[in-house]
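Peer 1:
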Amino acid sequence: MIETNDRRVELLGACRLFGGVSRDVLGRVAARTTEIDFPAGHVIARQNEIGTGFFVIMEGRVRVVRDGRHVAELGPGDFFGELSVLDGQPRNAQVAAIGPVRCLAVASWDLEALLTEDPELALAIIRGLAARLRAATEASTH
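Residues in the sequence shown are numbered from 1137 upward in steps of one, following this note's numbering.
#1: Using a Cβ-Cβ cut-off of 6 Å (strictly less than) and excluding sequence neighbours within five positions of Ala1233, which residues of its own chain qualify?
#2: Would the stretch 1180-1195 and the stretch 1226-1244 be scored as touching if the rule is three or more Cβ pairs under 8 Å?
#3: Rounded to whole angstroms, what is the Cα-Cα separation between Arg1205 and Gly1213?
#4: I'd like the list of long-range same chain contacts for Glu1171, defined as Cβ closer than 7 Å, with 5 residues on each side in sequence excluded.
#5: Answer yes or no: do Ala1181 and Arg1202 have a C-beta to C-beta separation smaller than 8 Å?
#6: So, is Ile1261 buried or exposed, given that buried needs 16 or more other C-beta atoms within 10 angstroms?
#7: Classify Gly1211 as buried or exposed, calling it buried when 16 or more other Cβ atoms lie within 10 Å of its own Cβ.
#8: Pro1226 by DSSP, collapsed to three states: which one?
#9: Based on the DSSP secondary-structure assignment, which residues constitute the bridge partners of Phe1215?
#10: Quick one: which unbroken alpha helix (DSSP H) runs of 4-plus residues sit fully inside the stretch 1148-1198? Chain order, please.
#11: With a Cβ-Cβ cutoff of 8 Å, do Leu1153 and Gly1224 count as a contact?
What follows is the structure, encoded as structure tokens:
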């Protein structure tokens, strides 16, 4: 089912990475997204490959594996693929669909354009990534 732009805005707004971003800015992001369905078992992102897409999970769950070790399970509202898209380096983990998964995808070139056009979005993403880094750092020190 193809979501309306308003529904995409709602889905993006529920994603922690876009916390505090205005509905107007989310609308511009939503306009550059594509819905993609993945079947169970499909590898969406491969470790050590350069990523060309950033994903927000709409429905379903994915498994994140790094160096053969299960590190996380993500579900609706979670995101992945942002690091490789932002820095142009290979992906640091593999992400595979546990069951059927539907994602909103943003191509790397579209995300870069959005970030250069909108400081509000850039700041929100920096803050979202900092929060994720802080949580990972604190988890590994306790």
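Each residue gets a CB set at the ideal place from its N, CA and C atoms; glycine is no exception.
Peer 2: To lay it out plainly:
#1: Phe1174, Ala1176, His1178, Val1198
#2: yes
#3: 23 Å
#4: Ile1138, Glu1139, Arg1238, Leu1240
#5: no
#6: buried
#7: exposed
#8: strand
#9: Val1192
#10: 1159-1167
#11: no
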